[in-house]
Ligand SMILES: NC(=O)c1ccc[n+]([C@@H]2O[C@H](COP(=O)([O-])OP(=O)(O)OC[C@H]3O[C@@H](n4cnc5c(N)ncnc54)[C@H](O)[C@@H]3O)[C@@H](O)[C@H]2O)c1
């Protein structure tokens with residue numbers, strides 16, 4: 001039986017990953033401080049005999065030493081996430097995204113040097129590409145951030161530091177580590193509270209309210225179902241040639257945000273028209289957005305052979321049905 005640690009395991013993606021790890025027979029230790037997640041996300045598996053849930057901050061060095069000592073695999077998902085959260089709490093974003101990663105990597109490195117064999121997954125983000133103008137982003141593309149006076153870029157930059165550190169540990173110490181750059185991930189249990197667009201739209205549509213579209217709605221995004229994302233993460237961690245690699249994970253089916261709003265309204269049979277809102281009203285006057293965000297998934301496919309099982313309409317239907325049931 002593998003012993004696995006999931007940081008941020010009470011969050012949206014972490015709770016699905018935890019469930020999948022339990023289903024495949026692992027012993028799972030979740031560490032989550034419920035800053036944006038909640039233990040309720042794990043209610044289906046809360047009493048599972050192979051789940052240990054610690055409601056604690058992963059920046060505690062004694063805790064990190066203890067959990068790394070018993071881990072065959074460590075999935076690091078804990079982070080400050082969401083455009084709205086980043087706009088409001090830039091200090092927490094930077095601190096939460098850099099220090100715990102540094103602490104975990106240092107501990108895993110020392111543990112492995114002393115004879116351990118812990119492998120490490122870093123949940124990174126498409127935000128590291130910044131505002132690269134290419135139509136389709138592949139892993140070797142340049143990171144193009146805006147100025148440091150715009151807080152938005154602190155999320156991508158902090159995750160880029162995490163990536164540099166993870167890759168350095170792989171190069172200098174042969175640490176078995178893989179980095180997944182998640183593009184927009186959606187599915188059950190995602191909260192709209194921190195600016196995530198699809199849960200916001202679905203909630204508004206089932207309650208017959210107008211869907212708030214920022215700016216002109218022509219921003220292009222791709223939405224992947226969390227189950228497809230979790231399958232990719234698990235497969236990468238079981239693929240030794242993925243160690244030392246950065247891999248895009250997501251969907252490559254592009255849609256504009258306005259198109260998404262119209263699709264959600266159509267499938268939820270919401271007659272209310274969309275409402276446009278400026279970035280200044282939605283965030284602040286310094287907010288800068290990314291116009292187009294589409295991944296090249298060639299590397300993921302060549303390493304795992306996986307492709308998406310869920311189409312966007314199926315995802316919307318599932319979320320609408322669940323929102324109606326609530
Ligand atoms: N959801 C997406 O579309 C998306 C896109 C790109 C990258 N990601 C990355 O995926 C990961 C998971 O994101 P998510 O969407 O599930 O967000 P989430 O907010 O639901 O999950 C993050 C979890 O980490 C926990 N956490 C944060 N700081 C912690 C700390 N110091 N100690 C313990 N727990 C802590 C939170 O309570 C939360 O449960 C993050 O690393 C995020 O950067 C997500």
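Numbering (our numbering), first residue to last: 1 to 326.
Think of the CB as a built atom: it goes at the ideal place given N, C-alpha and C, for glycine as much as any other residue.
Whole-number beta carbon distance between residue j and residue i, since they are thought to touch under 8 Å
| i | j | result |
| --- | --- | --- |
| residue 223 | residue 178 | Not a contact, Cβ separation roughly 23 Å. |
| residue 165 | residue 105 | 6 Å |
| residue 20 | residue 234 | 6 Å |
| residue 200 | residue 287 | With 8 Å as the limit, residue 200 and residue 287 do not qualify as a contact, their Cβ atoms being about 16 Å apart. |
| residue 257 | residue 221 | 7 Å |
| residue 175 | residue 108 | 6 Å |
| residue 22 | residue 51 | 6 Å |
Rounded C-alpha distance that separates residue i from residue j
| i | j | result |
| --- | --- | --- |
| residue 16 | residue 38 | 13 Å |
| residue 128 | residue 143 | 6 Å |
| residue 116 | residue 172 | 16 Å |
| residue 186 | residue 60 | 30 Å |
| residue 114 | residue 214 | 52 Å |
| residue 86 | residue 253 | 26 Å |
| residue 301 | residue 239 | 12 Å |
| residue 255 | residue 69 | 44 Å |
| residue 225 | residue 308 | 8 Å |
| residue 41 | residue 132 | 34 Å |
| residue 44 | residue 92 | 30 Å |
| residue 206 | residue 281 | 24 Å |
| residue 305 | residue 295 | 16 Å |
| residue 118 | residue 275 | 49 Å |
| residue 126 | residue 193 | 20 Å |
| residue 145 | residue 163 | 15 Å |
| residue 198 | residue 25 | 32 Å |
| residue 279 | residue 272 | 22 Å |
| residue 232 | residue 148 | 33 Å |
Residue of the options minimising C-alpha distance to residue i
| i | options | result |
| --- | --- | --- |
| residue 124 | 183, 114, 102 | 183 |
| residue 191 | 43, 5, 49, 323 | 323 |
| residue 88 | 312, 283, 299, 137 | 283 |
| residue 95 | 47, 42, 50, 154 | 154 |
| residue 138 | 250, 93, 7 | 250 |
| residue 75 | 159, 8, 321 | 8 |
| residue 10 | 63, 36, 268 | 36 |
| residue 203 | 267, 157, 158 | 267 |
Bridge partner(s) assigned by DSSP for residue i
| i | result |
| --- | --- |
| residue 30 | 6, 53 |
| residue 276 | 213 |
| residue 255 | 221 |
| residue 204 | Partner(s): none; residue 204 has no beta bridge. |
| residue 76 | 7, 122 |
| residue 295 | 137 |
| residue 182 | 125, 249 |
| residue 144 | 130 |
| residue 177 | 120 |
Beta-carbon spacing of residue i, residue j below 8 Å
| i | j | result |
| --- | --- | --- |
| residue 237 | residue 27 | no |
| residue 31 | residue 58 | yes |
| residue 293 | residue 246 | no |
| residue 326 | residue 270 | no |
| residue 211 | residue 265 | yes |
| residue 82 | residue 1 | no |
| residue 71 | residue 6 | no |
| residue 228 | residue 310 | yes |
| residue 98 | residue 158 | yes |
Closer than 8 Å to chain C by CB, residue i
| i | result |
| --- | --- |
| residue 311 | Going by chain labels, chain C is absent from the structure shown, which holds only one protein chain. |
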